[in-house]
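Read the structure below first, then the notes.
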Amino acid sequence: MRLWRSVVGKLWATILLLVSLVLIILTILLVEFFGNFQIDEVENNLMKTAKRIVEITNTHADTDEVLQIASEMIGIETKMLVLNDDNIIFSSEAMEEYGVNPEFLKNDPNLIKVFTKREMVKKELLLPLKVGNQEISAIVVGVPLDLNGQQDEVFLFQSLEIMEEAITSTTKFILLAAGVAIILTTIFAFFLSTRINAPLTKMREVAFEVAKGKFDTKVPILTGDEIGELAIAFNQMGKQLKFNISALNQEKEHLASILRSMADGVITFNRDGTILQTNPPAERFLHSWTFEKLENNGMVPSVLMNLFDRSELLDKEQVGEISLQGHDWVLIVSPLYGSESIRGAVAIIRDMTDERKMDKLRTDFIANVSHELRTPISMLQGYSEAIIDDIAESEEDKKEMAKVIYDESLRMGRLVNDLLDLARLESENMQLCYDWVQMEDYLERIVYKFSGLAKEKEIILITTLRNPDPEWTFDPDRIEQVLTNLIDNAIRHTPIGGRVEIIQRIDEQHGLMIEVKDSGSGIPKEDLAFVFERFYKADKARTRGGSGTGLGLSIAKNIINAHEGKISVNSLHGVGTTFTFSLPRKMKENE
Numbered sequence: 001m002r003l004w005r006s007v008v009g010k011l012w013a014t015i016l017l018l019v020s021l022v023l024i025i026l027t028i029l030l031v032e033f034f035g036n037f038q039i040d041e042v043e044n045n046l047m048k049t050a051k052r053i054v055e056i057t058n059t060h061a062d063t064d065e066v067l068q069i070a071s072e073m074i075g076i077e078t079k080m081l082v083l084n085d086d087n088i089i090f091s092s093e094a095m096e097e098y099g100v101n102p103e104f105l106k107n108d109p110n111l112i113k114v115f116t117k118r119e120m121v122k123k124e125l126l127l128p129l130k131v132g133n134q135e136i137s138a139i140v141v142g143v144p145l146d147l148n149g150q151q152d153e154v155f156l157f158q159s160l161e162i163m164e165e166a167i168t169s170t171t172k173f174i175l176l177a178a179g180v181a182i183i184l185t186t187i188f189a190f191f192l193s194t195r196i197n198a199p200l201t202k203m204r205e206v207a208f209e210v211a212k213g214k215f216d217t218k219v220p221i222l223t224g225d226e227i228g229e230l231a232i233a234f235n236q237m238g239k240q241l242k243f244n245i246s247a248l249n250q251e252k253e254h255l256a257s258i259l260r261s262m263a264d265g266v267i268t269f270n271r272d273g274t275i276l277q278t279n280p281p282a283e284r285f286l287h288s289w290t291f292e293k294l295e296n297n298g299m300v301p302s303v304l305m306n307l308f309d310r311s312e313l314l315d316k317e318q319v320g321e322i323s324l325q326g327h328d329w330v331l332i333v334s335p336l337y338g339s340e341s342i343r344g345a346v347a348i349i350r351d352m353t354d355e356r357k358m359d360k361l362r363t364d365f366i367a368n369v370s371h372e373l374r375t376p377i378s379m380l381q382g383y384s385e386a387i388i389d390d391i392a393e394s395e396e397d398k399k400e401m402a403k404v405i406y407d408e409s410l411r412m413g414r415l416v417n418d419l420l421d422l423a424r425l426e427s428e429n430m431q432l433c434y435d436w437v438q439m440e441d442y443l444e445r446i447v448y449k450f451s452g453l454a455k456e457k458e459i460i461l462i463t464t465l466r467n468p469d470p471e472w473t474f475d476p477d478r479i480e481q482v483l484t485n486l487i488d489n490a491i492r493h494t495p496i497g498g499r500v501e502i503i504q505r506i507d508e509q510h511g512l513m514i515e516v517k518d519s520g521s522g523i524p525k526e527d528l529a530f531v532f533e534r535f536y537k538a539d540k541a542r543t544r545g546g547s548g549t550g551l552g553l554s555i556a557k558n559i560i561n562a563h564e565g566k567i568s569v570n571s572l573h574g575v576g577t578t579f580t581f582s583l584p585r586k587m588k589e590n591e
């Protein structure tokens, strides 16, 4: 079945069918031609013989002897009958078997012309055999004979059996020749087809290899004809295809690298909303959209489709904004044009969270610094004017006013120093002085500074060492600044009778771990994310004069970050707060 679907089968069948059809038509024509040729030859020979017999009979006196001799000369295949009116003058031997008589001959419309019009006639007849009651085909020739003034007729009969045998033999020979020609044609057609099909088959195999991406596969050039030229063209096509595919892959990788390196998210999509390409920032946006909007159908978010519809209507890019999972996103959608119409759009997703946050921090910083400085400056201005205007009457009042001015100046100095420290930490210009520190003595010395304040507030202040006598390398002054801030905050926010615990332990993954744990009021859940921001104070009701500058935790975080560590907070409102920071084991050496 596969053979008939192949080029070999189709070409072989076509050639064989064409040659067979030509040979069949030619055989039929040849058989017909030879049959007609044999009949014409027999008729012509009989007519010549009859004429010769008439001529000889007319020139000799002994008619019977002439007819006898003529009958013997024409052979046993040809029979002769001579009639005079209705009488048979001469008849060949075995002529009576044909069952021919004058009435039989006169009943034929063609042969009657010999009797009536004295014309020469030739015709095929079916002669009835007396033996067996059969009929045979024979050619009959009638020639008028004028003998001694009488009108006689000479009829020659010859059976077509011999001629038919000759025709049959000729037909068999022609059919044999046709069969041999068909066989030879089949062999030739199959050979020719295979010669054509072999390179085509190889070319098909190479085409499948090229379709799989093996562009280096070559078609062997076996001939110099059109098939060979086709193989050369195919190899050139594969080479050019490999070059084009490589160029496209390079362009695709280049574009993908550009998209991956972009800080902004990029999404390209079709008119129906099918996403074509994204980069990592865009995937984060899509993840946030799916998580918050519960849409995960593989299509572009509806907010982008709305902007695309507007851009398609107005024929220009559209800008929008959306907030997802605590991030502020600016969306820019520009239409992509095809040859005749808009085929899709490209969306630029820009995360403006940090910029908005920095703008807010900048505004809050100016407001907080202004607020923090306004109170001491007002007090400095008011008390100094009171002294200048001699409002204070006694020396004791003047000293009290001067003490207030001094305290406020100290407070302003602390604020300025904290701001300078924070600026140096954030600009990474602060130099850390690393040293080996024995943790037990170090923590006991720091905790001892707060023992008086803790005793005053009736707070239990203890130190727990999970790993006794450890030594670690860090900047002791800066870490003391962190611990001082954390312990001071813990004591301030722990009620009378509470508990503050400093826990030290070693973690194989994170290094030195120190926890400052209190049983105070805790930090509200909504404020936990902002405790390390500058000037942030969870307790909005506390007065600024007694609660510090609000920069301590921000400075602590920057100090820990400078040590390549981490600081975190866990708190339950009304239960307590735990600040934890870690210092890695491998520290950079102090230069």
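243 is the number that the UniProt record's numbering gives to position 243 of the sequence shown; each next residue is one higher, with no gaps. Where a beta carbon is used, it is the ideal one built from N, C-alpha and C, also for glycine.
Exercise for review: Just tell me which of W289, P376, E564 has its CA closest to the CA of T473.
Suggested key: Nearest of W289, P376, E564 to T473, Cα basis: E564.
Check your understanding: Helix, strand or coil: how does DSSP classify I573 here?
Key -> For clarity, residue 573 is His in the given sequence; the question names Ile instead. Note: H573 maps to coil in three-state DSSP.
Check your understanding: Distance, Cα to Cα, T290 vs S311?
Key -> Put simply, the backbone Cα of T290 is about 24 Å away from that of S311.
**Study point:** Inter-residue CB distance, I258 and A282 (contact presumed, cutoff 8 Å)
**Key:** About 13 Å; that fails the 8 Å criterion.
Review point. Contact check, W436 vs E471 under 8 Å by CB: the rounded distance?
Key: Under the criterion of beta carbons closer than 8 Å, W436 and E471 qualify as touching, at roughly 5 Å.
**Study point:** Residue from M358, A556, Q150 with nearest C-alpha to R478
**Key:** For the residues M358, A556, Q150, the minimum Cα distance to R478 belongs to A556.
Exercise for review: Quickly, what does DSSP pair K517 with across the bridge? List them, please.
Suggested key: DSSP output for K517 lists E501, T578 as bridge partner(s).
Review point. Could you check where the alpha helix (DSSP H) with Y448 kicks off and where it finishes?
Key: Note, Y448: alpha helix (DSSP H), 439-449.
Review point. DSSP beta-bridge partners for A50?
Key: Per the DSSP secondary-structure output, A50 pairs with nothing in a beta bridge.
Review point. In terms of residues, what are the limits of the beta strand (DSSP E) holding K79?
Key: Start and end: 78-84.
Review point. If you scan the stretch 161-238 from start to end, which runs of the alpha helix (DSSP H) of 4 or more residues do you find wholly inside it?
Key: Note on the stretch 161-238: whole alpha helix (DSSP H) runs with a minimum of 4 residues are 161-211, in chain order.
Point to revise | Sheet register partners of F37 (DSSP bridge) | key: The partner list for F37 (beta bridge, DSSP) is empty, contrary to what the question assumes.
Review point. Taking Cβ to Cβ, would you say Q158 is nearer than 8 Å to I136?
Key: The answer is no: Cβ separation not under 8 Å.
Point to revise | Proximity to Q509 [Cα-Cα], best of S582, T494, G497, L572 | key: Looking at S582, T494, G497, L572, the one whose alpha-carbon comes closest to that of Q509 is S582.
Review point. Per DSSP, E347 is paired with what?
Key: Here the sequence assigns Ala to residue 347, which means Glu is not the residue at that position. Here A347 is bridged, per DSSP, to I267, V333.
Review point. DSSP beta-bridge partners for P495?
Key: Paired residues: none, contrary to the question.
Point to revise | Spatial distance of L111 from Q151 (CA atoms) | key: C-alpha separation (whole angstroms): 15 Å.
Exercise for review: With DSSP as the reference, please indicate the residues paired to F87 in a beta bridge.
Suggested key: Reading off the sequence, residue 87 comes out as Asn, not Phe. N84, per the DSSP bridge assignment.
**Study point:** Classification of residue 592 by the beta-carbon crowding that lies within 10 angstroms, buried from 16 upward
**Key:** The structure shown does not extend to residue 592, since the chain is modelled only from 1 to 591, so the question has no answer here.
Point to revise | Per-residue burial, N44 [other beta carbons within 10 Å of its own, 16 or more giving buried] | key: Burial state of N44 is exposed, judged by a 10 Å Cβ sphere holding fewer than 16 other Cβ atoms.
Exercise for review: Determine the burial state of D85: buried for a count of at least 16 other Cβ atoms within 10 Å of its Cβ, exposed for fewer.
Suggested key: It counts as exposed.
Check your understanding: To the nearest angstrom, how far is it from the Cα of L16 to the Cα of E124?
Key -> Using only the alpha carbons, I get a separation of about 40 Å.
Review point. How do the stretch 438-449 and the stretch 481-488 stand: do at least 3 beta-carbon pairs fall below 8 Å, yes or no?
Key: Short answer: they touch.
**Study point:** Bridge partners - Q381, DSSP secondary structure assignment
**Key:** As far as DSSP is concerned, Q381 takes part in no beta bridge.
Check your understanding: Nearest CA to the CA of E458: which residue from S519, D441, M513?
Key -> Nearest to E458 by alpha-carbon distance, out of S519, D441, M513, is S519.
Check your understanding: Helix, strand or coil: which one does DSSP assign to P280?
Key -> The answer is helix: DSSP assigns P280 an H, G or I state.
Practice item. Quick one: give me the first and last residue of the beta strand (DSSP E) that T463 is part of. Key: That run of the beta strand (DSSP E) goes 460-465.
Check your understanding: Just reading off the alpha helix (DSSP H) that L313 is part of, what are its end residues?
Key -> Here the alpha helix (DSSP H) through L313 covers 302-314.
Review point. Does the stretch 169-180 touch the stretch 77-84, meaning 3 or more C-beta pairs lie closer than 8 Å?
Key: Short answer: they don't touch.
Check your understanding: Is P144 helix, strand or coil by DSSP?
Key -> Here P144 sits in strand by DSSP.
**Study point:** C-beta contact flag for A347 and L313 at 8 Å
**Key:** Contact: no.
Point to revise | R333 to F308 span [Cα, whole Å] | key: One point to set straight first is that residue 333 is Val, not Arg, in the sequence displayed. Separation of V333 and F308 (C-alpha to C-alpha, rounded to the nearest whole angstrom) is 6 Å.
Review point. Which value, in whole angstroms, describes the spacing of the CA atoms of G344 and M513?
Key: Each residue's alpha carbon lies about 54 Å from the other.
Practice item. Would you grab the beta carbon distance between D328 and R356 for me? Rounded to a whole angstrom, and I think it's under 8 Å. Key: With a Cβ gap of about 5 Å, D328 and R356 count as contacting.
Review point. Thinking C-beta only, is S568 closer than 8 Å to T580?
Key: Contact flag set, yes.
Practice item. To the nearest angstrom, report how far apart E209 and A256 are at their CA atoms. Key: So the two alpha carbons sit approximately 28 Å from each other.
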